Ligand code: C5P
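Residue numbers (my numbering): 413 to 634.
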């Protein structure tokens, strides 16, 4: 496995980890892994191939063979599944919830480990998710765990979805985000939790610029 430097940014949905991770990747000129997008794509692939979210064996097989291409563009992450651009479809809350269901299955997570670790290439990797610092890259150079209250995260998500032209409503978002938090933090395998050596940052009252500057300063020696 490559020993290029890695910075992991974990946290719950809507904590701002994706935005921060992309800013850092661009600033440093490093590779970027949005691990949540892999689970989102897997859920879409399951729907496409008529595989139920409880069929762990079949889902793991799909995960092994997933024909997936990511590219980080100015407008954000472009996601191609089997030749089809699904960048927008995978960003709905329903797609997030579907991702969280397939992500709770141990065989699925095991099937995706090598694929995630393969993103660790020179000159370095910024990655965001739930278990980047605890399971996938336990030897990361820096680990950050970003949080914010469920209400604030739902408000941010609402704004983000609106900008992407996706309709949603705030009370539903608060409920869906809370439901997903519970599932992600209570599952048996790789639950959402900060690594023991992660810097924990509550971004509830911080803007993206302030969070970015804080983390960039933390990693100033890189
Ligand atoms: O980060 P994002 O909201 O795109 O993640 C979608 C879902 O994928 C999460 O709710 C979580 O269940 C799952 N996930 C995970 N491990 C990761 C990243 C995401 O289980 N490293």
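All C-beta atoms, glycine included, are put in the ideal place defined by N, C-alpha and C. Please read all numbers here as calculations on a predicted model, not as lab measurements.
Residue j beta carbon less than 9 Å from that of residue i
i: residue 561; j: residue 570; result: no
i: residue 454; j: residue 537; result: no
i: residue 557; j: residue 613; result: yes
i: residue 529; j: residue 603; result: no
i: residue 439; j: residue 592; result: no
i: residue 601; j: residue 480; result: no
i: residue 474; j: residue 457; result: yes
i: residue 584; j: residue 505; result: yes
i: residue 616; j: residue 559; result: yes
i: residue 522; j: residue 472; result: yes
Nearest residue (CA-CA) to residue i, options the options
i: residue 582; options: 564, 597, 520 and 525; result: 564
i: residue 596; options: 433, 448 and 444; result: 448
i: residue 488; options: 622, 434 and 534; result: 434
i: residue 513; options: 451, 501, 544 and 504; result: 451
i: residue 606; options: 424, 539, 499 and 633; result: 424
i: residue 417; options: 429, 442, 611 and 506; result: 442
i: residue 465; options: 629, 625 and 519; result: 519
i: residue 630; options: 617, 611 and 620; result: 611
i: residue 484; options: 436, 494 and 495; result: 436
i: residue 497; options: 504, 533 and 482; result: 482
i: residue 467; options: 616, 515, 559 and 547; result: 515
i: residue 527; options: 477, 428, 632 and 566; result: 477
i: residue 420; options: 594, 511, 547 and 574; result: 547
Paired residues, beta bridge with residue i - DSSP
i: residue 482; result: 491
i: residue 421; result: 540 and 556
i: residue 575; result: DSSP, once it has assigned bridges, lists no residue as partnering residue 575.
i: residue 497; result: 492
i: residue 444; result: 538
i: residue 611; result: 556
Pairwise C-alpha distance: residue j and residue i
i: residue 460; j: residue 470; result: 13 Å
i: residue 415; j: residue 502; result: 31 Å
i: residue 587; j: residue 577; result: 21 Å
i: residue 634; j: residue 544; result: 19 Å
i: residue 509; j: residue 524; result: 18 Å
i: residue 589; j: residue 620; result: 20 Å
i: residue 422; j: residue 531; result: 16 Å
i: residue 486; j: residue 500; result: 15 Å
i: residue 626; j: residue 572; result: 22 Å
i: residue 533; j: residue 551; result: 14 Å
i: residue 624; j: residue 598; result: 29 Å
i: residue 608; j: residue 553; result: 13 Å
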